[in-house]
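Chains A and B supply the protein sequences, listed in that same order.
Letter 179 of the first sequence, counting from 1, is numbered 178 in numbering that gives the first Met the number 0, and no numbers are missing.
Letter 201 of the second sequence, counting from 1, is numbered 200 in numbering that gives the first Met the number 0, and no numbers are missing.
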Amino acid sequence: MTRRLLWKLCWIIGLGTISLFYVINIITSHTEDGMSYIEIADRQQINDWSTEAEKLYLSGDKQALKSWLDALKFSEKTWAGVLEVDLNQVAGSDMPGSITDGVLLGRDVSWKIHLYFSDNPIMEVTFSDGRARFLIQLPDRMRPGSHLGYVSLALQIILPMMLLIPLTFVLYNHIMSPLRRLERATRSFSEGQFDVRVSRAMGRRNDELTQLANAFDSMASRISELIISQRQLIADLSHELRTPLTRLEISINNLLEGGQNSEEIQRVDRESKNLRKLVEDTLTLAWLENEERSHKGRQLETVDLVDLMDVLLEDATYEFSDRRLAVELPESAPVKRSNHRAVGQALENILRNAFRFTPARKTVSVTLAEQNASYLIFISDQGPGVPKPFLEKIFRPFFRVEGSREARGGFGLGLALAKRQLESVNATVYAENGEKEGLRVVIELPKDDFSQQP
Amino acid sequence: MKPVKLLVVEDDPALNEQLALLLTNKGYEVDRSYDGDEGLTSALTQSYHLIILDVMMPKRDGYAVLKNIRKTRSTPVLMLTAKGAEEERINGFHHGADDYLTKPFNSTELLLRIEALLRRSGGDPEVAHVAELHFHDISLNKAQRRATVCGENLDLTPIQFRLLWTLMLYRGDVLSKAFLYQTVLHRTLGPHDRSLDMHLSRVRRKIISAGGRGEALQTVHGEGYCLS
Chain A
0 MTRRLLWKLC
10 WIIGLGTISL
20 FYVINIITSH
30 TEDGMSYIEI
40 ADRQQINDWS
50 TEAEKLYLSG
60 DKQALKSWLD
70 ALKFSEKTWA
80 GVLEVDLNQV
90 AGSDMPGSIT
100 DGVLLGRDVS
110 WKIHLYFSDN
120 PIMEVTFSDG
130 RARFLIQLPD
140 RMRPGSHLGY
150 VSLALQIILP
160 MMLLIPLTFV
170 LYNHIMSPLR
180 RLERATRSFS
190 EGQFDVRVSR
200 AMGRRNDELT
210 QLANAFDSMA
220 SRISELIISQ
230 RQLIADLSHE
240 LRTPLTRLEI
250 SINNLLEGGQ
260 NSEEIQRVDR
270 ESKNLRKLVE
280 DTLTLAWLEN
290 EERSHKGRQL
300 ETVDLVDLMD
310 VLLEDATYEF
320 SDRRLAVELP
330 ESAPVKRSNH
340 RAVGQALENI
350 LRNAFRFTPA
360 RKTVSVTLAE
370 QNASYLIFIS
380 DQGPGVPKPF
390 LEKIFRPFFR
400 VEGSREARGG
410 FGLGLALAKR
420 QLESVNATVY
430 AENGEKEGLR
440 VVIELPKDDF
450 SQQP
Chain B
0 MKPVKLLVVE
10 DDPALNEQLA
20 LLLTNKGYEV
30 DRSYDGDEGL
40 TSALTQSYHL
50 IILDVMMPKR
60 DGYAVLKNIR
70 KTRSTPVLML
80 TAKGAEEERI
90 NGFHHGADDY
100 LTKPFNSTEL
110 LLRIEALLRR
120 SGGDPEVAHV
130 AELHFHDISL
140 NKAQRRATVC
150 GENLDLTPIQ
160 FRLLWTLMLY
170 RGDVLSKAFL
180 YQTVLHRTLG
190 PHDRSLDMHL
200 SRVRRKIISA
210 GGRGEALQTV
220 HGEGYCLS
């Protein structure tokens, strides 16, 4: 059955609402009934007054009866009287005694009171002779149902709330518990646990939400298959390339050492080194993209950016000895919970890029500035710069700007690698064109990478 | 002098051949094995100064071989590993390997690692007794772990002291990074690891700011460091 959840909800909400109304109706009328009667003690009080009135009436002392009634009226703030009733038949057949005897002007004390009438009813007690009656308007203090307002509030609002809140809770849980499972699964999946599946945890349930779980599972299987096969491919490819590259390098070394030093062999040597760099960079990039960002295996350490810069600049000036270098570094710039290999590789790639595009006898400048919670590193070259629309694209793998900055060696991987390495230590990098010339790369490194657990 | 005996365990026949040729040309005596089982048998029955062991091999992989060797022998082992996925894991790896070299590598890198390992395991008997070293205006006292430049105290961390001590002990020699990692940091040199270079830069800065000749700590690009 499709749309099981819909039917389930229809049943629960439809039936539930009807039975709720029904129950509330029954309880309300029952409670109101119960509240409509005069208290036993009050009934007794009225009967007692009647007895007293009858005694005075029978004694024939009308003055005494009147003053007693006045006193009663005053003390109860109501109206009371004694009435003689003489029923005279005008026409029609003889009335049965049961009717003429039982005729009342007021209400018997055992009857229900209309709670919705604002005036108090007249109560009546017949004297023993059956003709004279004691009548009194029910005193306010004896009127039943004084809590009716609260009771109807409770019955019409609080009682339904008390039933509806648990019902809502049950419905919410019924829908949310599988969704929560799905949420947990999605989170673990995104953290790299590719074997999580949800449909097994759904138990005997079978509705729209289990369909969602099944869809998640098949998506998870498909994606994990793709990722695993991609990783396997990278691992295989890298392994397959590494050994032949090593063989090639050692062969070239042997040739060079054996005195065969022709231009061709030197060219082969250069190309093999390029090839090695390309393979290494591609593998590192693939590794960084594949692995989750947390870098659990990574060692965290305090890195002094000045020491690291010294090392990298020494290498760069050795490699590009015909370029000039302008450096502004403080005495020390420690960064906590970082990784010098990631930062070092990134800075090295950015520096190398700057040197490569700077013509001979021109200057590369490196500045390290301190901010509140971070360090800013500026690396500027005097090269041709990058057209504005490409300033972000230069951080993409294998991206090279046509014309101005191409054909300078390299494969367009350096900056892409640098960006990812920096992201792995929560640093950011962007490029902008210098005021007069060249490209300026700006790196911001947090002084302490709080996102890493100590 | 007695020839130095090495064992090469590598499943790729061409690379195995090349390594053997390269090492023989450098004057080492080389035995060759082509898989883990064979390598383990040779390592346990013969006596070698150093074993070069590939990690990825059919049948028995390098780590399994190493584990077995370590049960009875402490021969220095240089592992040839793959870069990438394994690279990071190796950091916490303590299988008892003395050094790791990731493929692809070139002859120079390999030879420097081998020399560093042999130098460390052979040891220099006479240097153990040296208590004080002097180089121009720099003086080191091992027992007090005190460094002075022109008579002024130089504040060095234990690692920085060991680094300067080692460079002064072997002054004039080019010390490979692989060797310095082993002797100063007591660990192996991993890819893109610049810890040692950073320590050296700091020592150089400190000596210069104390008025000494920091530039005497020279970088020999592609090889290592040298004090001269």
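Just so you know, even glycine gets a beta-carbon here, dropped at the ideal spot from N, CA and C.
These numbers were taken from a predicted model, which means no experiment stands behind them.
Leaving aside the five residues before and after residue i along the sequence, list all residues of the same chain whose C-beta is less than 6 Å from its C-beta, in chain order.
i	result
V195 of chain A	A184, S187, F188
Q229 of chain A	none
A345 of chain A	A417, Q420, L421
N90 of chain B	Its pLDDT being 44, under 50, N90 of chain B is placed unreliably by the model, and nothing is read from it.
K4 of chain B	E28, Y47, H48
G433 of chain A	S379, R439
Anything in chain B within Cβ reach of residue i, meaning under 9 Å, just list it in chain order.
i	result
I454 of chain A	Absent from the structure is residue 454 of chain A, since the part of chain A shown begins at 0 and ends at 453.
N253 of chain A	Q17, L20, L21, N24, S106
Note down, in chain order, every chain A residue with its Cβ under 7 Å from the Cβ of residue i.
i	result
S200 of chain B	D306, D309, V310
H220 of chain B	Y317
D196 of chain B	V310
What in chain B is Cβ-close to residue i, meaning under 7 Å?
i	result
T245 of chain A	L14, K102, P103, F104
T242 of chain A	D11, L14, K102
G343 of chain A	H191, R193
R186 of chain A	Under the 7 Å cutoff, chain B gives no residues; its nearest Cβ is about 24 Å from R186 of chain A.
Under DSSP, the beta strand (DSSP E) around residue i begins and ends at which residues?
i	result
I378 of chain A	373-379
P333 of chain A	333-337
C225 of chain B	223-226
M141 of chain A	Taken as a continuous stretch (DSSP letters only), M141 of chain A belongs to no beta strand (DSSP E), as it is neither H nor E.
D325 of chain A	Residue identity differs from the one stated: residue 325 of chain A is Ala in this sequence, not Asp. Note, A325 of chain A: beta strand (DSSP E), 323-327.
F134 of chain B	131-134
P368 of chain A	A small correction: the amino acid at residue 368 of chain A is Ala; Pro does not occupy that position in the sequence shown. First-last of the beta strand (DSSP E) with A368 of chain A: 362-369.
I393 of chain A	No beta strand (DSSP E) contains I393 of chain A, which DSSP labels as neither H nor E.
Q217 of chain B	216-219
Y99 of chain B	98-102
M122 of chain A	121-125
Can you grab the Cα-Cα spacing for the pair residue i / residue j, in whole Å?
i	j	result
T427 of chain A	A353 of chain A	18 Å
E151 of chain B	S271 of chain A	50 Å
P165 of chain A	D41 of chain A	42 Å
L181 of chain A	F449 of chain A	29 Å
R174 of chain A	L208 of chain A	Arg is not the amino acid found at residue 174 of chain A; the sequence shown has Ile there. The alpha-carbon atoms of I174 of chain A and L208 of chain A are separated by roughly 8 Å.
L68 of chain A	K61 of chain A	10 Å
F160 of chain B	L282 of chain A	37 Å
L109 of chain B	N252 of chain A	12 Å
G202 of chain A	R3 of chain A	15 Å
L255 of chain A	L153 of chain B	45 Å
S92 of chain A	L103 of chain A	21 Å
Q370 of chain A	L65 of chain B	49 Å
L199 of chain B	R395 of chain A	34 Å
L14 of chain A	D447 of chain A	60 Å
H113 of chain A	W6 of chain A	45 Å
S373 of chain A	T1 of chain A	57 Å
E431 of chain A	A285 of chain A	27 Å
L18 of chain B	K205 of chain B	42 Å
V326 of chain A	T316 of chain A	12 Å
Kindly list the residues whose CB is nearer than 8 Å to the CB of residue i, restricted to its own chain and excluding five residues on each side of it in sequence; keep chain order.
i	result
L195 of chain B	L162, K176, L179, Y180, V183, L184, L188
K111 of chain A	D32, S35, Y36
R130 of chain A	E83, V84, D85
E87 of chain B	Summary for E87 of chain B: the model assigns pLDDT 45, below 50, so the residue's position carries little reliability; its value from the coordinates is reported in the next sentence. For E87 of chain B, where only same-chain residues beyond five positions count, there are no Cβ hits under 8 Å.
From which residue to which residue does the alpha helix (DSSP H) around residue i run?
i	result
V22 of chain A	3-34
Y171 of chain A	158-189
S200 of chain B	194-208
M167 of chain B	157-168
K418 of chain A	413-423
If you drop the 5 nearest sequence neighbours on each side, which residues of the same chain put their C-beta closer than 7 Å to that of residue i?
i	result
A63 of chain A	L55
R106 of chain A	P120, I121, M122, E123
Kindly list, in the order they appear in chain B, the residues whose Cβ is closer than 8 Å to that of residue i.
i	result
D303 of chain A	M197, R201
R266 of chain A	Going along chain B, no residue has its Cβ under 8 Å from R266 of chain A, so there is no contact; the nearest lies around 16 Å.
R351 of chain A	Residues of chain B passing the Cβ test: none, with the nearest at roughly 14 Å.
R360 of chain A	By Cβ distance, chain B contributes nothing, its closest Cβ being about 22 Å from R360 of chain A, past 8 Å.
Are any of the Cβ atoms in chain C nearer than 7 Å to that of residue i?
i	result
L117 of chain B	Absence of chain C from the displayed structure is noted, the protein chains being A and B.
Requested in this report: Taking a Cβ distance cut-off of 7 Å, strictly less, list which residues of the stretch 311-338 of chain A are near chain B, in chain order.
Outcome: E313, Y317
Query raised in the report: Which residues, taken in chain order from the stretch 270-283 of chain A, show a beta carbon closer than 8 Å to some beta carbon of chain B?
Result: R275, V278, E279, L282, T283
**Report entry** Residues of the stretch 196-217 of chain A whose Cβ lies closer than 7 Å to any Cβ of chain B, in chain order
**Finding:** none
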